[in-house]
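I have placed the structure first, in the form of C-alpha cells, so that the comments after it can refer back to it.
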Amino acid sequence: MHLVASDLRSRWRRSFFGILWTIIQPLGMTLLLAVVLSKMLRVDIYTYAPYILSGIVVWECVTACVTGGALSFVQADAYIKQCRHPLAIYTLRTVLSNLVVLGLASIALYGWSAIVLPQNIGLHWLSTLTIFPIIGLILWPLATLLAYIGVRFRDVPHFTGLVMQALWFLSPVYFEEKMFRQGGLDFLVDFNPIYHLLQLVRAPLLNGRWPATENYAYALASAALLAFIAWMVGCRAERKVIFYL
Numbered sequence: 000m001h002l003v004a005s006d007l008r009s010r011w012r013r014s015f016f017g018i019l020w021t022i023i024q025p026l027g028m029t030l031l032l033a034v035v036l037s038k039m040l041r042v043d044i045y046t047y048a049p050y051i052l053s054g055i056v057v058w059e060c061v062t063a064c065v066t067g068g069a070l071s072f073v074q075a076d077a078y079i080k081q082c083r084h085p086l087a088i089y090t091l092r093t094v095l096s097n098l099v100v101l102g103l104a105s106i107a108l109y110g111w112s113a114i115v116l117p118q119n120i121g122l123h124w125l126s127t128l129t130i131f132p133i134i135g136l137i138l139w140p141l142a143t144l145l146a147y148i149g150v151r152f153r154d155v156p157h158f159t160g161l162v163m164q165a166l167w168f169l170s171p172v173y174f175e176e177k178m179f180r181q182g183g184l185d186f187l188v189d190f191n192p193i194y195h196l197l198q199l200v201r202a203p204l205l206n207g208r209w210p211a212t213e214n215y216a217y218a219l220a221s222a223a224l225l226a227f228i229a230w231m232v233g234c235r236a237e238r239k240v241i242f243y244l
C-alpha cells in the first residue's frame, strides 16, 4: 500500500488539476470519439457516448496493467536487490494503482449513465462493483507473468503494446457488439474475455439488467487459468530474476 500511495502521488505531482485528470481525460476522449463515430456509424450520440466511455475506462486500466506489469520488476530493481519480499507484490502494486484510477474514472461513467439513461437505474447497478475484484484477479497474474518474461526479454513491453493494439480492433471496446455479429465474427465476442469484462459494467448501466452468468464464468475462468500459469512460471523463475536485473 505504501508503494501504491507513492505511485499515485507521483502521478499527479505538480499538476494543477491533479486527481481530476482521471475524470477529465476519459470524458474528453469520449466526446471526441462519440462525435466522430456517431456520424460515421449513424447512431445516437447520447446513448453511444456512455458505451464508448465504459470501453475507455476499462480498456485503459487493462492496457496500463499489461504494459506496466511487464516493467514491474525492472522498475523495482532497487527494492528487489535489497529486500527479499515476494516478487508478486511489485505487480500487485501496479494493478492496485490502476484499479484506484479505474474507480475514480468510473465516477464519470456512473454520472453520465445516470443523466443519459435514468431509466436503467436500479439495484442491478450494484453488480458493476464486481468488476473491481474480478479485473484485479485477472490482471494481477497476467502482470506477474509478463513481469517474469519482461525481466529476461526487455522487448516484451514493446511487444505487448503491439498486441494490445491488435486486441483493441478485435474486441468490442468502442465498436458495438452487433457490428461484429453482423460481420460473422461472433467468436470475437462470445469467446473474448474483454467483452465479458465490459459486460459487467455495460449490462447494468447501459442495458438496465444484471450481467449474464456466462460473463462471470468467462472472467473467473480466465483469472484461474492466468493464476495457474503465473504460479507455475514463478516457481521456476523467481530465483533467477535477481540475476537478470
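Everything in the sequence shown is counted per numbering that gives the first Met the number 0, starting at 0 for the first residue and increasing by one.
For every residue, glycine included, the Cβ atom is placed at its ideal position computed from N, Cα and C.
### Continuous alpha helix (DSSP H) assignments of at least 4 residues falling wholly in the stretch 174 to 238
Here the runs fully enclosed are 176 to 181, 186 to 189, 192 to 206, 212 to 236.
### Task
Measure from the alpha carbon of S96 to the alpha carbon of each residue in E237, P203, V188, W11, then state which is nearest.
S96 has its Cα closest to that of W11, out of E237, P203, V188, W11.
### Query
For Y47, does the count of other Cβ atoms within 10 angstroms reach 16, so buried, or fall short, so exposed?
Flag for Y47 reads buried.
### Message
Quick check: what's the CA-CA separation for A113 versus L101?
### Response
Going by the C-alpha atoms only, they are around 18 Å apart.
### Query
Based on Cα-Cα distance, which residue from K80, I88, R8 lies nearest to F242?
Among K80, I88, R8, the Cα nearest to that of F242 is on K80.
### Query
Considering only C-alpha positions, which residue in the set L122, V57, T90 is nearest to L2?
For the residues L122, V57, T90, the minimum Cα distance to L2 belongs to T90.
### Query
If we ignore side chains and look at the alpha-carbon of each, how far apart do W139 and I148 end up?
In a straight line, the C-alpha of W139 is about 14 Å away from that of I148.
### W58 - DSSP class collapsed to helix/strand/coil
Shown here, W58 sits in a helix according to DSSP, grouped into three states.
### Query
Expressed to the nearest angstrom, what Euclidean distance is found between the alpha-carbon atoms of A142 and T21?
Rounded to the nearest angstrom, the two C-alpha atoms are 22 Å apart.
### Query
Who are the Cβ neighbours of P210 in its own chain at under 6 Å, not counting the five residues just before and after it?
If you ignore the 5 residues before and after P210, its C-beta comes within less than 6 Å of the C-beta of S126, Q198, L199, A202, all in its own chain and listed in chain order.
### Task
Grab me the residues of H195's own chain with a C-beta within less than 6 Å of its C-beta, minus the 5 sequence neighbours each way, in chain order.
Once the five neighbours on either side are set aside, the close Cβ partners of H195 are N214, Y217, A218.
### Query
Leaving out the 5 sequence neighbours to the left and right, which residues in its chain are closer than 8 Å to V240 when beta-carbon positions are compared?
Excluding sequence neighbours, V240 sits near F72, I79, L86, Y147, V150.
### Message
Three or more C-beta pairs under 8 Å: does that hold for the stretch 153 to 171 against the stretch 56 to 65?
### Response
Here the stretch 153 to 171 lies against the stretch 56 to 65, with 3 or more beta-carbon pairs under 8 Å apart.
### Query
So, L70 versus P156, is the Cβ gap smaller than 8 Å?
The answer is yes: Cβ separation under 8 Å.
### Task
In the DSSP assignment, find the unbroken alpha helix (DSSP H) run with S9 in it and report its ends.
According to the DSSP assignment, S9 belongs to the alpha helix (DSSP H) that extends over 1 to 10.
### Task
May I have a chain-ordered list of the alpha helix (DSSP H) segments no shorter than 4 residues that lie completely inside the stretch 59 to 102?
Qualifying alpha helix (DSSP H) stretches, in chain order: 71 to 74, 76 to 81.
### Message
Using only the alpha-carbon positions, how far apart do L19 and D43 sit?
### Response
Approximately 28 Å, taken between the alpha carbons.
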